[in-house]
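J.: I am attaching a structure below and will ask some questions about it afterwards.
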Amino acid sequence: MTLPDVRRPPIKEITAGIYQLNVPIPNNPLGDLNAYLIRGTAGWLLVDTGWNCSEAFEAFQREVEEVGVSLQSITGIVVTHVHPDHYGLMGRIKRSCGARTAFHQRAADVIEEVARNTQGRVVKVAQQLRECGMPEQEVAVVGGGFTSIRSTLEYLDLPDVVLHGGERITTGIFNFEVVLTPGHAPGHICLYEPERKILLAGDHLLPRITPSVSMVPYFDDNPLGAYLDSLREVNKLDVDLVLPGHEDVFEGLQRRVSEIIAHHKDRLDHALKAIKHEAKTAYNVAAEMPWTVDAKLGEEGSFNALDALGRGMATGETLAHLEYLISKGKVKKESRDGVILYKASESVHCYSGPHP
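Under this note's numbering, read the sequence shown as residues -7 to 348, first letter to last.
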(Lines of atoms letter the chains of each structure in order from A and count residues from 1; the text may use other names and numbers.)
(Lines give C-alpha, C1' and ligand atoms only; values in the text may rest on other atoms or scores of the structure.)
Protein backbone atom coordinates (compact mmCIF):
# COMPACT_ATOMS: atom_id res chain seq x y z
CA MET A 1 0.00 0.00 0.00
CA THR A 2 1.31 3.47 -0.92
CA LEU A 3 0.83 6.06 1.78
CA PRO A 4 0.16 9.70 0.83
CA ASP A 5 3.09 12.06 1.01
CA VAL A 6 2.39 14.25 4.04
CA ARG A 7 5.78 15.96 4.18
CA ARG A 8 5.71 19.68 4.76
CA PRO A 9 7.22 21.97 2.11
CA PRO A 10 10.85 22.93 2.71
CA ILE A 11 11.57 26.05 4.75
CA LYS A 12 12.13 29.06 2.51
CA GLU A 13 14.82 31.64 3.16
CA ILE A 14 13.02 34.54 1.52
CA THR A 15 16.07 36.77 1.69
CA ALA A 16 19.23 36.47 3.74
CA GLY A 17 18.11 36.30 7.38
CA ILE A 18 14.31 36.00 6.83
CA TYR A 19 12.72 32.54 6.84
CA GLN A 20 9.10 31.71 6.02
CA LEU A 21 7.53 29.06 8.25
CA ASN A 22 4.38 27.26 7.09
CA VAL A 23 2.27 26.67 10.19
CA PRO A 24 -0.78 24.48 9.44
CA ILE A 25 -4.32 25.69 10.10
CA PRO A 26 -6.34 22.47 10.59
CA ASN A 27 -9.61 22.12 8.68
CA ASN A 28 -9.21 25.47 6.98
CA PRO A 29 -9.10 26.00 3.20
CA LEU A 30 -6.23 28.47 3.59
CA GLY A 31 -4.04 25.55 4.65
CA ASP A 32 -1.18 27.41 6.34
CA LEU A 33 -0.23 30.56 8.17
CA ASN A 34 3.00 32.18 7.01
CA ALA A 35 5.05 33.04 10.08
CA TYR A 36 8.38 34.80 9.54
CA LEU A 37 11.52 34.12 11.54
CA ILE A 38 13.98 37.01 11.29
CA ARG A 39 17.62 37.00 12.30
CA GLY A 40 18.93 39.50 14.84
CA THR A 41 22.25 40.22 16.49
CA ALA A 42 20.95 39.24 19.95
CA GLY A 43 18.15 36.81 19.10
CA TRP A 44 15.43 36.11 16.55
CA LEU A 45 12.21 38.00 15.85
CA LEU A 46 9.02 36.05 15.04
CA VAL A 47 6.24 37.75 13.10
CA ASP A 48 2.87 36.00 13.61
CA THR A 49 2.48 32.59 15.20
CA GLY A 50 -0.31 30.22 14.14
CA TRP A 51 -3.53 28.60 15.32
CA ASN A 52 -3.47 27.33 18.89
CA CYS A 53 -3.47 23.55 18.53
CA SER A 54 -0.92 20.79 19.05
CA GLU A 55 -0.54 20.11 15.32
CA ALA A 56 0.38 23.73 14.63
CA PHE A 57 2.70 24.07 17.62
CA GLU A 58 4.56 20.87 16.81
CA ALA A 59 4.96 21.90 13.17
CA PHE A 60 6.18 25.32 14.31
CA GLN A 61 8.80 23.71 16.59
CA ARG A 62 10.03 21.42 13.79
CA GLU A 63 10.37 24.26 11.33
CA VAL A 64 12.25 26.47 13.77
CA GLU A 65 14.66 23.58 14.38
CA GLU A 66 14.99 23.06 10.61
CA VAL A 67 16.22 26.64 10.31
CA GLY A 68 18.83 25.72 12.91
CA VAL A 69 17.42 27.89 15.65
CA SER A 70 16.43 26.93 19.19
CA LEU A 71 13.06 28.06 20.49
CA GLN A 72 14.87 29.89 23.30
CA SER A 73 16.66 32.02 20.68
CA ILE A 74 13.37 33.76 19.83
CA THR A 75 13.50 36.97 21.86
CA GLY A 76 10.68 38.95 20.25
CA ILE A 77 7.24 38.26 18.78
CA VAL A 78 5.23 40.77 16.74
CA VAL A 79 1.62 39.94 15.87
CA THR A 80 0.17 41.76 12.85
CA HIS A 81 -3.40 41.29 14.14
CA VAL A 82 -5.21 39.15 16.67
CA HIS A 83 -7.17 36.78 14.45
CA PRO A 84 -6.66 33.25 15.86
CA ASP A 85 -4.43 32.02 13.02
CA HIS A 86 -1.96 34.87 13.62
CA TYR A 87 -2.26 35.33 17.39
CA GLY A 88 -3.37 31.94 18.71
CA LEU A 89 0.04 30.40 19.47
CA MET A 90 1.59 33.57 20.85
CA GLY A 91 1.02 32.73 24.50
CA ARG A 92 2.26 29.16 24.13
CA ILE A 93 5.42 30.23 22.31
CA LYS A 94 6.05 33.04 24.81
CA ARG A 95 5.87 30.58 27.68
CA SER A 96 8.35 28.31 25.91
CA CYS A 97 11.01 30.93 25.19
CA GLY A 98 10.26 34.04 27.26
CA ALA A 99 10.06 36.32 24.22
CA ARG A 100 8.69 39.85 24.57
CA THR A 101 5.53 40.40 22.57
CA ALA A 102 4.15 43.40 20.69
CA PHE A 103 0.99 44.34 18.83
CA HIS A 104 -1.20 47.38 18.34
CA GLN A 105 -3.23 49.08 21.07
CA ARG A 106 -6.47 48.59 19.10
CA ALA A 107 -5.76 44.87 18.85
CA ALA A 108 -5.09 44.80 22.59
CA ASP A 109 -8.54 46.35 23.07
CA VAL A 110 -10.01 43.43 21.11
CA ILE A 111 -8.28 40.88 23.36
CA GLU A 112 -9.46 42.67 26.49
CA GLU A 113 -13.03 42.70 25.17
CA VAL A 114 -12.94 39.01 24.26
CA ALA A 115 -11.50 38.07 27.66
CA ARG A 116 -13.98 40.21 29.57
CA ASN A 117 -17.17 39.44 27.68
CA THR A 118 -16.97 36.50 25.29
CA GLN A 119 -20.63 35.56 25.58
CA GLY A 120 -21.74 39.16 25.28
CA ARG A 121 -19.81 39.41 22.03
CA VAL A 122 -21.52 36.30 20.67
CA VAL A 123 -24.90 37.79 21.61
CA LYS A 124 -23.99 41.05 19.85
CA VAL A 125 -22.89 39.22 16.69
CA ALA A 126 -26.16 37.25 16.69
CA GLN A 127 -28.16 40.47 17.08
CA GLN A 128 -26.29 42.10 14.20
CA LEU A 129 -27.00 39.12 11.92
CA ARG A 130 -30.69 39.17 12.84
CA GLU A 131 -30.80 42.87 11.92
CA CYS A 132 -29.15 41.88 8.60
CA GLY A 133 -32.06 39.50 7.91
CA MET A 134 -30.27 36.19 8.46
CA PRO A 135 -32.61 33.27 9.31
CA GLU A 136 -32.53 32.27 12.96
CA GLN A 137 -31.21 28.73 12.33
CA GLU A 138 -28.18 30.20 10.53
CA VAL A 139 -27.64 32.78 13.27
CA ALA A 140 -27.33 29.93 15.77
CA VAL A 141 -24.68 28.21 13.64
CA VAL A 142 -22.61 31.39 13.31
CA GLY A 143 -22.85 32.04 17.06
CA GLY A 144 -21.64 28.51 17.71
CA GLY A 145 -18.72 29.11 15.36
CA PHE A 146 -17.66 32.22 17.29
CA THR A 147 -17.85 30.31 20.57
CA SER A 148 -15.79 27.46 19.10
CA ILE A 149 -13.06 29.84 17.91
CA ARG A 150 -12.88 31.48 21.34
CA SER A 151 -12.37 28.05 22.92
CA THR A 152 -9.14 27.62 20.91
CA LEU A 153 -7.57 30.68 22.55
CA GLU A 154 -5.99 29.06 25.59
CA TYR A 155 -4.07 32.21 26.42
CA LEU A 156 -5.42 35.73 26.02
CA ASP A 157 -2.20 37.64 26.57
CA LEU A 158 -1.87 41.38 26.24
CA PRO A 159 1.33 42.63 24.60
CA ASP A 160 4.47 43.44 26.57
CA VAL A 161 4.95 46.37 24.18
CA VAL A 162 1.91 48.29 22.91
CA LEU A 163 2.30 49.71 19.40
CA HIS A 164 0.55 52.75 17.93
CA GLY A 165 2.08 52.96 14.47
CA GLY A 166 5.25 54.76 13.44
CA GLU A 167 7.59 52.89 15.79
CA ARG A 168 10.81 51.26 14.64
CA ILE A 169 11.51 47.63 15.50
CA THR A 170 15.13 46.63 15.01
CA THR A 171 16.85 43.26 15.19
CA GLY A 172 20.30 44.78 14.77
CA ILE A 173 20.23 43.57 11.15
CA PHE A 174 16.78 44.62 9.97
CA ASN A 175 15.02 47.88 10.83
CA PHE A 176 11.24 47.69 10.47
CA GLU A 177 8.80 50.57 10.55
CA VAL A 178 5.38 49.83 12.05
CA VAL A 179 2.65 50.83 9.57
CA LEU A 180 -0.92 50.94 10.88
CA THR A 181 -3.24 49.30 8.33
CA PRO A 182 -6.73 48.79 9.85
CA GLY A 183 -9.61 47.33 7.89
CA HIS A 184 -9.18 43.56 7.79
CA ALA A 185 -8.91 43.69 11.58
CA PRO A 186 -8.80 46.45 14.20
CA GLY A 187 -5.21 47.48 14.86
CA HIS A 188 -3.78 45.51 11.94
CA ILE A 189 -0.16 46.47 11.26
CA CYS A 190 2.41 45.82 8.56
CA LEU A 191 6.20 45.94 9.01
CA TYR A 192 8.18 47.85 6.39
CA GLU A 193 11.93 47.51 5.89
CA PRO A 194 12.80 50.55 3.74
CA GLU A 195 16.45 49.70 3.08
CA ARG A 196 15.61 46.27 1.68
CA LYS A 197 12.20 47.39 0.34
CA ILE A 198 10.37 44.52 2.05
CA LEU A 199 6.83 44.64 3.46
CA LEU A 200 5.59 42.02 5.94
CA ALA A 201 1.92 42.44 5.14
CA GLY A 202 -0.01 40.13 7.46
CA ASP A 203 -3.47 39.83 5.88
CA HIS A 204 -3.55 43.39 4.53
CA LEU A 205 -2.34 42.23 1.11
CA LEU A 206 -2.56 38.69 -0.27
CA PRO A 207 -1.40 37.74 -3.77
CA ARG A 208 -4.56 35.96 -5.03
CA ILE A 209 -7.48 36.04 -2.62
CA THR A 210 -8.88 39.32 -1.36
CA PRO A 211 -8.63 39.89 2.41
CA SER A 212 -11.98 39.80 4.19
CA VAL A 213 -13.28 43.19 5.36
CA SER A 214 -16.31 42.73 7.59
CA MET A 215 -18.42 44.61 10.11
CA VAL A 216 -17.78 43.32 13.64
CA PRO A 217 -19.75 44.60 16.65
CA TYR A 218 -17.91 46.81 19.17
CA PHE A 219 -15.12 47.75 16.79
CA ASP A 220 -14.82 49.76 13.57
CA ASP A 221 -17.88 51.61 12.24
CA ASN A 222 -16.55 51.78 8.68
CA PRO A 223 -13.96 49.02 8.21
CA LEU A 224 -14.02 49.19 4.40
CA GLY A 225 -13.28 52.91 4.49
CA ALA A 226 -10.39 52.23 6.87
CA TYR A 227 -9.12 49.41 4.66
CA LEU A 228 -9.16 51.48 1.46
CA ASP A 229 -7.39 54.34 3.24
CA SER A 230 -4.78 51.84 4.47
CA LEU A 231 -4.27 50.52 0.94
CA ARG A 232 -3.61 54.06 -0.30
CA GLU A 233 -1.01 54.61 2.42
CA VAL A 234 0.79 51.32 1.72
CA ASN A 235 0.70 52.11 -1.99
CA LYS A 236 3.05 55.05 -1.32
CA LEU A 237 5.80 52.78 0.04
CA ASP A 238 8.80 51.78 -2.07
CA VAL A 239 8.39 47.98 -1.92
CA ASP A 240 10.03 45.30 -4.05
CA LEU A 241 8.84 42.23 -2.14
CA VAL A 242 5.64 41.55 -0.16
CA LEU A 243 5.63 38.83 2.50
CA PRO A 244 1.95 37.99 3.14
CA GLY A 245 0.29 36.02 5.94
CA HIS A 246 -1.02 33.40 3.50
CA GLU A 247 -0.19 32.14 0.00
CA ASP A 248 3.09 33.10 -1.66
CA VAL A 249 5.61 35.92 -1.41
CA PHE A 250 5.04 38.28 -4.34
CA GLU A 251 6.27 41.34 -6.19
CA GLY A 252 4.20 44.16 -7.68
CA LEU A 253 2.63 45.82 -4.65
CA GLN A 254 1.06 48.68 -6.61
CA ARG A 255 -0.44 46.30 -9.17
CA ARG A 256 -1.97 44.22 -6.39
CA VAL A 257 -3.33 47.30 -4.60
CA SER A 258 -5.02 48.35 -7.86
CA GLU A 259 -6.53 44.88 -8.29
CA ILE A 260 -7.96 44.86 -4.78
CA ILE A 261 -9.41 48.35 -5.15
CA ALA A 262 -10.99 47.30 -8.45
CA HIS A 263 -12.45 44.26 -6.69
CA HIS A 264 -14.09 46.44 -4.04
CA LYS A 265 -15.40 48.87 -6.67
CA ASP A 266 -17.03 45.87 -8.36
CA ARG A 267 -18.55 44.74 -5.04
CA LEU A 268 -19.87 48.25 -4.40
CA ASP A 269 -21.46 48.28 -7.86
CA HIS A 270 -23.07 44.88 -7.18
CA ALA A 271 -24.50 46.14 -3.90
CA LEU A 272 -25.90 49.32 -5.43
CA LYS A 273 -27.54 47.46 -8.30
CA ALA A 274 -29.19 45.06 -5.84
CA ILE A 275 -30.90 47.94 -4.00
CA LYS A 276 -31.46 50.33 -6.89
CA HIS A 277 -35.22 49.75 -7.08
CA GLU A 278 -36.06 48.04 -3.80
CA ALA A 279 -34.92 48.24 -0.18
CA LYS A 280 -33.29 45.00 0.98
CA THR A 281 -31.50 43.55 3.98
CA ALA A 282 -27.75 42.97 3.96
CA TYR A 283 -28.45 39.21 3.89
CA ASN A 284 -30.61 39.60 0.76
CA VAL A 285 -27.98 41.77 -0.92
CA ALA A 286 -25.29 39.20 -0.08
CA ALA A 287 -27.44 36.50 -1.70
CA GLU A 288 -27.26 38.36 -5.03
CA MET A 289 -23.46 38.66 -5.07
CA PRO A 290 -20.82 36.11 -6.20
CA TRP A 291 -18.56 34.68 -3.49
CA THR A 292 -15.30 32.77 -3.28
CA VAL A 293 -16.19 29.16 -2.45
CA ASP A 294 -12.62 27.81 -2.61
CA ALA A 295 -10.07 30.08 -0.92
CA LYS A 296 -7.06 28.19 -2.27
CA LEU A 297 -8.22 28.10 -5.89
CA GLY A 298 -10.05 31.43 -5.82
CA GLU A 299 -13.15 29.80 -7.34
CA GLU A 300 -16.36 31.81 -7.26
CA GLY A 301 -19.85 30.46 -6.72
CA SER A 302 -23.26 31.44 -5.42
CA PHE A 303 -24.16 32.55 -1.91
CA ASN A 304 -26.08 29.29 -1.43
CA ALA A 305 -22.90 27.30 -2.15
CA LEU A 306 -21.49 28.60 1.15
CA ASP A 307 -22.19 26.89 4.45
CA ALA A 308 -24.02 28.80 7.20
CA LEU A 309 -20.79 30.13 8.72
CA GLY A 310 -19.64 31.23 5.27
CA ARG A 311 -22.95 32.99 4.67
CA GLY A 312 -22.50 34.76 7.99
CA MET A 313 -19.07 36.00 6.91
CA ALA A 314 -20.42 37.02 3.50
CA THR A 315 -23.23 38.96 5.17
CA GLY A 316 -20.70 40.77 7.37
CA GLU A 317 -18.64 41.72 4.31
CA THR A 318 -21.75 42.93 2.49
CA LEU A 319 -22.70 44.99 5.52
CA ALA A 320 -19.25 46.63 5.45
CA HIS A 321 -19.81 47.62 1.81
CA LEU A 322 -23.30 48.97 2.50
CA GLU A 323 -22.10 51.02 5.46
CA TYR A 324 -19.27 52.40 3.32
CA LEU A 325 -21.83 53.47 0.71
CA ILE A 326 -23.84 55.18 3.45
CA SER A 327 -20.71 57.11 4.47
CA LYS A 328 -20.47 58.35 0.87
CA GLY A 329 -24.13 59.41 0.74
CA LYS A 330 -25.05 56.81 -1.86
CA VAL A 331 -27.28 54.59 0.30
CA LYS A 332 -29.86 55.15 3.02
CA LYS A 333 -31.07 52.70 5.64
CA GLU A 334 -34.10 52.29 7.85
CA SER A 335 -35.21 49.83 10.50
CA ARG A 336 -38.42 47.85 10.05
CA ASP A 337 -39.65 45.19 12.46
CA GLY A 338 -36.20 44.53 13.87
CA VAL A 339 -34.33 44.33 10.56
CA ILE A 340 -32.40 47.03 8.71
CA LEU A 341 -33.17 47.72 5.07
CA TYR A 342 -30.84 49.46 2.61
CA LYS A 343 -31.87 51.45 -0.48
CA ALA A 344 -29.78 53.29 -3.03
CA SER A 345 -30.21 57.04 -3.01
CA GLU A 346 -32.12 58.46 -5.96
CA SER A 347 -30.08 58.97 -9.16
CA VAL A 348 -27.26 56.69 -7.95
CA HIS A 349 -26.59 54.01 -10.56
CA CYS A 350 -23.03 52.85 -9.85
CA TYR A 351 -20.11 53.58 -7.61
CA SER A 352 -17.47 55.73 -9.31
CA GLY A 353 -14.59 55.19 -6.83
CA PRO A 354 -12.45 54.55 -4.95
CA HIS A 355 -9.05 55.15 -6.50
CA PRO A 356 -5.59 55.19 -4.90
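Where is the CB? At the ideal position from N, CA and C, for every residue including glycine.
When the distance is taken between beta carbons, is GLU187 closer than 7 Å to ALA300?
T.: No.
J.: Return the CA-CA distance between LYS257 and LYS322, expressed in angstroms with no decimal places.
T.: Between LYS257 and LYS322, the C-alpha separation is close to 13 Å.
J.: From GLY179, VAL61 and LEU235, pick the residue whose C-alpha is nearest to that of LEU197; which is it?
T.: Minimum Cα distance to LEU197 is reached at LEU235.
J.: Kindly indicate which residue of ALA91, HIS78, VAL170 and ILE30 has the alpha-carbon position closest to the one of GLU225.
T.: Closest by alpha carbon: VAL170.
J.: When DSSP labels each residue in this structure, what does GLU5 get in the three-state scheme?
T.: Strand at GLU5.
J.: Look at the alpha carbon of ILE332 and the alpha carbon of PRO282, and state the distance between them as a whole number of angstroms.
T.: The straight-line gap from Cα to Cα measures roughly 22 Å.
J.: For PRO(-4), is the classification buried or exposed, using 16 other Cβ atoms within 10 angstroms of its Cβ as the cut-off for buried?
T.: Confidence at PRO(-4) is low in this model, with a pLDDT of 35, below 50, so the placement of that residue is unreliable and no value is reported for it.
J.: Considering only residues of the same chain and omitting the five flanking positions on each side of GLY308, which have a CB-CB separation below 6 Å?
T.: If we look at GLY308 and ignore the five residues flanking it on each side, its Cβ neighbours are SER206 and MET207.
J.: Around the C-beta of THR310, are 16 or more other C-beta atoms found within 10 angstroms, so that it is buried, or is it exposed?
T.: Buried.
J.: Measure the C-alpha to C-alpha separation of GLN12 and THR273 and round it to an integer number of angstroms.
T.: About 42 Å.
J.: Check whether the Cβ atoms of LEU183 and LEU172 sit closer than 7 Å, and answer yes or no.
T.: Taking 7 Å as the Cβ cut-off, LEU183 and LEU172 do not qualify as a contacting pair.
J.: Can you give the Cα-Cα distance for ALA99 and ASP329, rounded to whole angstroms?
T.: Spanning the two alpha carbons is a distance of roughly 34 Å.
J.: What residues in its chain sit with their C-beta under 8 Å from that of PRO209, if we drop five residues either side in the sequence?
T.: Answer for PRO209: ARG113, LYS116, VAL117, GLN119 and GLN120, listed in chain order.
J.: Taking the alpha carbon of ASP101 as the point to measure from, which residue in ILE30, LEU63, HIS180 and GLN111 has its own alpha carbon closest?
T.: The shortest C-alpha separation from ASP101 is found at HIS180.
J.: Does ILE85 come out as helix, strand or coil in the three-state DSSP assignment?
T.: DSSP places ILE85 in helix when its eight states are reduced to three.
J.: In angstroms with no decimal places, state the Cα-to-Cα distance between ASN109 and CYS45.
T.: If I take the Cα positions, the gap works out to 23 Å.
J.: Have a look at GLY293 and GLU280 and give me their C-alpha separation to the nearest angstrom.
T.: Approximately 11 Å, taken between the alpha carbons.
J.: Using the beta-carbon count (16 or more within 10 Å), is GLY68 buried or exposed?
T.: Looking at its Cβ environment, which holds 16 or more other Cβ atoms inside 10 Å, GLY68 is buried.
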